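Contents: one structure, followed by commentary.
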Amino acid sequence: MLLVEANDQGREPGPRSATATVHIVVEDDNDNAPQFSEKRYVVQVPEDMAPNREILQVTATDQDRGSNAVVHFSIMSGNSRGQFYIDAQTGKMDLVSHLDYEANKEYTLRVRAQDGGRPPLSNISGLVTVQVLDVNDNAPIFVSTPFQATVLENVPLGYSIIHIQAVDADSGDNSRLEYRLTDTTPNFPFSINNSTGWIVSYTLAITARDNGIPQKGKPGIFVIGLNEAVEMSLQ
Ligand SMILES: [Ca+2]
Ligand SMILES: [Ca+2]
Ligand SMILES: [Ca+2]
Ligand SMILES: [Ca+2]
1 MLLVEANDQG REPGPRSATA TVHIVVEDDN DNAPQFSEKR YVVQVPEDMA PNREILQVTA
61 TDQDRGSNAV VHFSIMSGNS RGQFYIDAQT GKMDLVSHLD YEANKEYTLR VRAQDGGRPP
121 LSNISGLVTV QVLDVNDNAP IFVSTPFQAT VLENVPLGYS IIHIQAVDAD SGDNSRLEYR
181 LTDTTPNFPF SINNSTGWIV SYTLAITARD NGIPQKGKPG IFVIGLNEAV EMSLQ
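Last residue of the sequence shown: 235 in full-length UniProt numbering, with the numbers rising by one and none dropped.
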């Protein structure tokens, strides 16, 4: 509040004056844009996280007053599939739909903070990086089944017969395969390399004999249907 005095220059009977009070209201000018608390927000989310859960919160401050300092948030880009939702008032970000590490390992979202001034000021520098973490949600798949190999009965020991191969869509240990023969008879004449999947001959002489009396060996070829004998397990 100011007090202003006005004096005239009169002499008879003397100068006269008047005073007035002046009220000056300083109105806030919206001259500050909201500022994010972080240059970049990074959050790691496992791909099997249930939707409709909060993954992080962005915050921003505004140096102005009143509505000039009220901040609203929105996602500007990077959310083309609509997998994330941001609460305009709180800045809390939710996962909306299921993630899939095999389809998309990382999302970069640009977030805007806009104040309530007229006209409003915006800050579009907010960056949110969502790093998806792999979960073992894929079983191995054999590349071609059934596997079948035809082997001469006199193949040498250690002879590589057939390459069993499977693929796994996950990553790291979730996709590192180990091959094993299961349900094999005690003298099963083949072994499998646990890491490569190569099946090799294990005994020198392979014979296919029946159990009749007299027992008859059937020389020639030995056909193994391996698809039922091979199973993979994860390390
Ligand atoms: Ca402002
Ligand atoms: Ca997946
Ligand atoms: Ca996975
Ligand atoms: Ca897997």
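Every residue gets a Cβ at the ideal spot worked out from N, C-alpha and C, and that includes glycine. No experiment lies behind these values; they were computed from the predicted model shown.
Report yes if the CB atom of residue i is closer than 8 Å to the CB atom of residue j, and no otherwise.
i	j	result
residue 51	residue 109	no
residue 126	residue 112	yes
residue 55	residue 93	yes
residue 190	residue 175	no
In angstroms, rounded to a whole number, what distance separates the CA positions of residue i and residue j?
i	j	result
residue 156	residue 173	35 Å
residue 61	residue 169	43 Å
residue 80	residue 142	34 Å
residue 138	residue 35	42 Å
residue 8	residue 18	9 Å
residue 33	residue 25	23 Å
residue 89	residue 72	5 Å
residue 58	residue 118	23 Å
Please list, in chain order, all residues of the same chain as residue i whose beta carbon is under 7 Å from its beta carbon, the five residues on each side excluded.
i	result
residue 194	178, 179, 180
residue 66	28
residue 120	114
If I measure Cβ to Cβ from residue i and keep anything under 8 Å in the same chain, skipping five residues before and after, which residues do I get?
i	result
residue 171	101, 134
residue 192	164, 179, 180, 181, 198, 199, 200, 230
residue 3	19, 20, 21, 22
Please go through the same chain and pick out, in chain order, the residues whose beta-carbon is closer than 6 Å to the beta-carbon of residue i, but skip the five residues on each side of it.
i	result
residue 129	42, 108
residue 136	170, 174
The region 62-77 contacting the region 36-54, beta-carbon criterion three pairs below 8 Å
no
Using a strict less-than 7 Å threshold between each residue's beta carbon and the heavy atoms of ligand 3, what residues do you get?
47, 101, 102, 134, 135, 136, 137, 138, 169, 170, 171, 174
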